[in-house]
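Before any comments, here is the structure.
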Amino acid sequence: RAREITRLNGIYNQLLANAGVTIISGWATLVDGHSVKVEEQTFSAKNILVSTGGTPTVPALAGREYIVTSDQMFDLEPFPKRLLVVGGGYIACEIASIFNGLGAQVTQIHRGEKLLTGFDNDVRSFIAAEMEKTGVRLRLGSEVEAIRKSEAGLEVTLKAGAEPVLVDAVLYATGRVPNTNGLGLESAGVKLNHKGAIEVNNHYQSSLPSVYALGDVTARLQLTPVALGEAMVLVDHLFGPVAGKKPRSMGYEFVPTAVFTHPNIGTVGYSEEEARKVFGKVTVFRTDFKPLRHTLSGSTERTLMKLLVDDASDRVVGLHMVGPDAGEVVQGFAVAMKAGATKAVFDSTIGIHPTLAEEFVTMREPVA
7 RAREITRLNG
17 IYNQLLANAG
27 VTIISGWATL
37 VDGHSVKVEE
47 QTFSAKNILV
57 STGGTPTVPA
67 LAGREYIVTS
77 DQMFDLEPFP
87 KRLLVVGGGY
97 IACEIASIFN
107 GLGAQVTQIH
117 RGEKLLTGFD
127 NDVRSFIAAE
137 MEKTGVRLRL
147 GSEVEAIRKS
157 EAGLEVTLKA
167 GAEPVLVDAV
177 LYATGRVPNT
187 NGLGLESAGV
197 KLNHKGAIEV
207 NNHYQSSLPS
217 VYALGDVTAR
227 LQLTPVALGE
237 AMVLVDHLFG
247 PVAGKKPRSM
257 GYEFVPTAVF
267 THPNIGTVGY
277 SEEEARKVFG
287 KVTVFRTDFK
297 PLRHTLSGST
307 ERTLMKLLVD
317 DASDRVVGLH
327 MVGPDAGEVV
337 QGFAVAMKAG
347 ATKAVFDSTI
357 GIHPTLAEEF
367 VTMREPVA
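The sequence shown begins at 7 in the working numbering and counts up one residue at a time.
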């Protein structure tokens, strides 16, 4: 893992060097709208971009010194045979699945009644059932009270007198906060919101006109490809689009995303709950089945696929999948949805047989 990260960083550094970018290592603070201080040096520019990302949060509780985050998780020695994962988002669910697959006894605690807040409710219920099939022990509606180290391991007591957990490692993945502390932003005139994120307009411009920000530090949609898309928009805004091309724009409605649990989740567009609020009348198509590969192998893993259609326009406004390679499947459909594909277009598309993806173009009977 370390070798691969080093290799990738080397590639990125070389790409920057080839583009004529000078890399200056050190802690940077904003002096004013056109100046940044790094150690003892001050650098000036017409515009400044802040893209410092986010960092995991760790709660203030007894035994917090025993907590690890996703930043340290894959450097743990020795391998934790018993792991407690606290959280119900992307990172928590993915790490629970990874370590369960590597042979650890994994317990996942989440204070909510369902995992993955913001996802379609059918997806949330379905993935919980599938993760439990693989051996992940879910403790929903639970919260950690304290952690104590003993000869037997880490003893984790839960609130409301729930049964305690004995593990070798405790991972907290309960959210990330923008990296804005100690950068001199507010003193220079950059406004932060209640989450500590930099407030920006549609051009990613902060309250200080010459200072821009994008990515996780703005706490919009915390996904690497989204930050890349935002960067493309900013480039066109500051330097103009490529000759003969229109300026690029960034929409957040139909951003595809995947959660690399076992099985995978892929989703693009609105959840059913969101779609009904936005569009009113929505038709739902849903199927739940055992893929051919699992029928032949004897696996009990099932797949969920779901389409949401706006009745007024016939446009497909939500597409969700839990199953093998869901991210790969959904990426292609995201292009169609971004282009405004209707259910009639889906219905007239010939499926590839036998594939999972063909289910999305052969669903005919609505369930709601």
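No residue lacks a Cβ here, since even glycine has one placed at the ideal position from N, Cα and C.
Quick caveat: nothing in here was measured; it's all calculated off a predicted structure.
Cα-Cα separation, residue i to residue j
i, j, result
"leucine 310", "glutamine 47", "56 Å"
"alanine 175", "leucine 89", "5 Å"
"glutamate 371", "asparagine 208", "40 Å"
"glycine 329", "tyrosine 276", "19 Å"
"glycine 16", "glycine 32", "18 Å"
"phenylalanine 125", "serine 50", "43 Å"
"alanine 203", "isoleucine 11", "27 Å"
"threonine 163", "isoleucine 73", "14 Å"
"valine 322", "valine 315", "4 Å"
"isoleucine 115", "valine 92", "5 Å"
"leucine 22", "methionine 238", "16 Å"
"methionine 343", "phenylalanine 260", "7 Å"
"glycine 338", "glutamate 151", "44 Å"
"alanine 219", "valine 336", "29 Å"
"valine 241", "glutamine 111", "47 Å"
"leucine 191", "phenylalanine 366", "47 Å"
"aspartate 6", "histidine 268", "Residue 6 lies beyond the residue range present for the chain, which begins at 7 and ends at 374; the question has no answer from this structure."
"histidine 40", "glycine 181", "32 Å"
"leucine 229", "valine 42", "27 Å"
"aspartate 128", "glycine 95", "16 Å"
"threonine 28", "glycine 246", "22 Å"
Beta-bridge partners of residue i, as assigned by DSSP
i, result
"glutamate 100", "None, per the DSSP bridge assignment."
"alanine 68", "Ala152"
"alanine 5", "There is no way to answer for residue 5, as the model of the chain reaches only from 7 to 374."
"alanine 34", "Val44"
"proline 184", "Gly60"
"valine 92", "Ile115, Tyr178"
"tyrosine 218", "Leu55, Gln211"
"leucine 146", "His116"
"leucine 82", "Note: leucine 82 sits in no beta bridge, so no partner."
"leucine 198", "Ile204"
Residue i, DSSP secondary structure in three states
i, result
"isoleucine 29", "coil"
"phenylalanine 366", "helix"
"threonine 3", "This structure leaves residue 3 out entirely; the chain is present only between 7 and 374."
"alanine 237", "helix"
"leucine 244", "helix"
"glycine 250", "coil"
"glycine 107", "helix"
"glycine 257", "coil"
"glycine 167", "helix"
Residue span of the beta strand (DSSP E) that contains residue i, given as start and end
i, result
"alanine 281", "Looking at the DSSP string, alanine 281 is not in any beta strand (DSSP E); the run it does join, the alpha helix (DSSP H), is 278-285."
"phenylalanine 49", "47-50"
"threonine 163", "159-164"
"alanine 5", "Any answer about residue 5 is impossible in this case: the structure gives the chain only from 7 up to 374."
"threonine 75", "Careful: threonine 75 lies outside any beta strand (DSSP E) and carries neither H nor E."
"valine 206", "Taken as a continuous stretch (DSSP letters only), valine 206 belongs to no beta strand (DSSP E), as it is neither H nor E."
"valine 171", "171-173"
Residue range of the unbroken alpha helix (DSSP H) whose run includes residue i
i, result
"threonine 140", "127-140"
"glutamine 20", "8-24"
"leucine 383", "What is shown of the chain runs 7 to 374, which leaves residue 383 out entirely."
The ligand ZN heavy atom lying under 6 Å from the CB of residue i
i, result
"lysine 287", "The model on display carries no ligand, and the ligand ZN is accordingly not part of it."
Inside the stretch 289-354 only - beta strand (DSSP E) runs reaching at least 3 residues: Counting only runs of 3 or more residues that sit fully inside the stretch 289-354, the beta strand (DSSP E) segments are 309-316, 322-328, in chain order.
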